[in-house]
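Residue numbers (my numbering): 57 to 505.
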């Protein structure tokens, strides 16, 4: 929905200097109430705060342009006459209007506050559902360009995507305006967004005006104009509201850098790892009493400092439709320190109505971390089902074997924050565009329901 005022040449953000003068006091010809003109010679119309009549401020007698017997009244959240330090200068709130559009038989209204400074001209503050924007007039003509299948509007370094076009109607006015304003005035309003900015156009049969909005926190406005209490809480997602998840792009860049560093570390690990076979041989894995079921390997030396030891076993075709449980003990000959661990190897296969199937594996691998250097041997004790014979298999022991797993785990940990942030950003943008002329199909379907 448009957030720009129905402004003429002296609309929001006029840069021409205005000669400061005294505030002018008059009376409403419709009801006799006091009328205070703060915008000096720039004020063209003024709406009486008492009877809502719209008066011609250029007429010495304040000619009545529009009067109402039963006008709907609105109370501005920022009282007229409020002054505050805003965007580098003291501004005074001199005008207030309520504007609305109707989309699919639903009326959406927002409030506009006209600010005035005698040396900096006019600008607006607008509010819809607790969302505030600071608005200035644009005197440069924006350019419409094609970007892929979408047409965007460019102004300076910003490219704006079309958000919405609708007929905006003035519903209520109060205070002064630098153009001839009337309740019931309407324009064709179009909004183009590049959060936190929004470019808006308002077109009539006679003219086309552009304005630029920047999203602001209502609390900043309350502090500047010393408004008591707190601003209304923001509801939903507004057209030019900046995404709190906009940092996802930066996080993906950081993820890319960290992933490259991990790749370099992995490469360095692969190059520097010993990965030496310290024992490999064929052994008979058979069950029996404690002595008969066990065998020991020849002694082998684990060089270097503390590193891992990887034990691989391959039972071959000798293990079929059965299992073997292997009790390992890696024993340091010098200290007697033992590293005990156990593994089950099982393999089953067959045929059914769906064809052949298999379960398990004849091979197994176990990694023992943090084994100091020294002279070791491996003791293996086998457990088998009752009545099972021995299985001739291959046993291999390696020292300092690099693993991809730690690197993948770190990569996964680094991946999740930007991924989750991206999902949240997508959800935020989906809620934003659900209110536009280009709502996603799912959002449109939800609204239809």
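Ideal Cβ placement from N, Cα and C applies to all residues, glycine included.
Among the options, which has the Cα closest to the Cα of residue i?
i: residue 100; options: 106, 386, 112 and 91; result: 112
i: residue 343; options: 398, 180 and 439; result: 439
i: residue 216; options: 247, 186 and 335; result: 247
i: residue 405; options: 379, 135, 233 and 362; result: 379
i: residue 368; options: 94, 384 and 479; result: 384
i: residue 210; options: 239, 268 and 182; result: 268
i: residue 170; options: 160, 139 and 158; result: 139
i: residue 174; options: 264, 371, 98 and 221; result: 98
i: residue 144; options: 160, 168, 121 and 172; result: 172
i: residue 491; options: 294, 463 and 353; result: 294
i: residue 434; options: 361, 416 and 357; result: 357
i: residue 133; options: 157, 477 and 286; result: 286
i: residue 430; options: 241, 389, 158 and 218; result: 389
i: residue 361; options: 428, 327, 197 and 166; result: 428
i: residue 315; options: 412, 471 and 108; result: 471
i: residue 166; options: 469, 228 and 123; result: 228
i: residue 311; options: 130, 122 and 467; result: 467
i: residue 224; options: 158, 277 and 203; result: 158
i: residue 161; options: 203, 176, 199 and 222; result: 222
i: residue 444; options: 376, 219 and 214; result: 376
i: residue 250; options: 463, 214, 142 and 338; result: 214
i: residue 359; options: 329, 460, 338 and 374; result: 329
i: residue 94; options: 107, 147 and 129; result: 147
i: residue 180; options: 403, 199, 237 and 142; result: 142
In terms of residues, what are the limits of the beta strand (DSSP E) holding residue i?
i: residue 334; result: 332 to 341
i: residue 506; result: Absent from the model: residue 506. The displayed extent of the chain is 57 to 505, so no value can be given.
i: residue 170; result: 162 to 173
i: residue 220; result: 214 to 233
i: residue 395; result: 394 to 408
i: residue 387; result: 378 to 388
i: residue 364; result: 363 to 370
i: residue 141; result: 139 to 142
i: residue 91; result: 90 to 93
i: residue 265; result: 264 to 272
i: residue 179; result: 177 to 184
i: residue 432; result: 430 to 439
i: residue 250; result: 242 to 250
i: residue 199; result: 199 to 203
i: residue 426; result: 419 to 427
i: residue 194; result: 187 to 194
i: residue 236; result: From DSSP, residue 236 is part of no beta strand (DSSP E); its letter is neither H nor E.
i: residue 257; result: 253 to 259
i: residue 112; result: 110 to 112
i: residue 506; result: A query on residue 506 cannot be resolved here, the shown segment of the chain reaching from 57 to 505 and no further.
i: residue 448; result: 447 to 455
Provide the residue span of the alpha helix (DSSP H) that contains residue i, from first to last.
i: residue 479; result: 461 to 489
So, for residue i: in the same chain, excluding its five sequence neighbours on each side, which residues have a beta-carbon less than 7 Å away from its beta-carbon?
i: residue 308; result: 474
i: residue 489; result: 495 and 496
i: residue 478; result: 304
i: residue 259; result: 243 and 244
i: residue 114; result: 100
i: residue 163; result: 156
Suppose the cutoff is 8 Å on Cβ atoms and the five residues either side in sequence are ignored; what does the same chain contact list for residue i look like?
i: residue 372; result: 418, 447, 448, 449 and 450
i: residue 105; result: 89, 136, 230 and 231
i: residue 352; result: 433, 434, 435 and 436
i: residue 424; result: 364, 365, 366, 367, 386, 395 and 397
i: residue 349; result: 342, 343, 437, 438 and 439
Residues in its own chain within less than 6 Å of residue i by CB, not counting five upstream and five downstream?
i: residue 252; result: 270, 271, 296 and 298
i: residue 291; result: 185 and 186
i: residue 480; result: 301
i: residue 487; result: 293
i: residue 288; result: 186
i: residue 414; result: 405
Worksheet item: Taking one C-beta from the segment 450 to 468 and one from the segment 317 to 333 each time, how about it: are there three or more such pairs within less than 8 Å?
Response: Touching, yes.
Worksheet item: Touching or not, the segment 390 to 408 and the segment 420 to 438, by the rule of three or more beta carbon pairs under 8 Å?
Response: By the C-beta criterion, the segment 390 to 408 is judged to be in contact with the segment 420 to 438, since at least 3 inter-stretch pairs fall below 8 Å.
Item to complete: Give, in chain order, every unbroken run of the alpha helix (DSSP H) that is at least 4 residues long and sits entirely within the segment 275 to 328.
Response: If we require 4 residues or more, the alpha helix (DSSP H) runs fully inside the segment 275 to 328 come out as 304 to 328.
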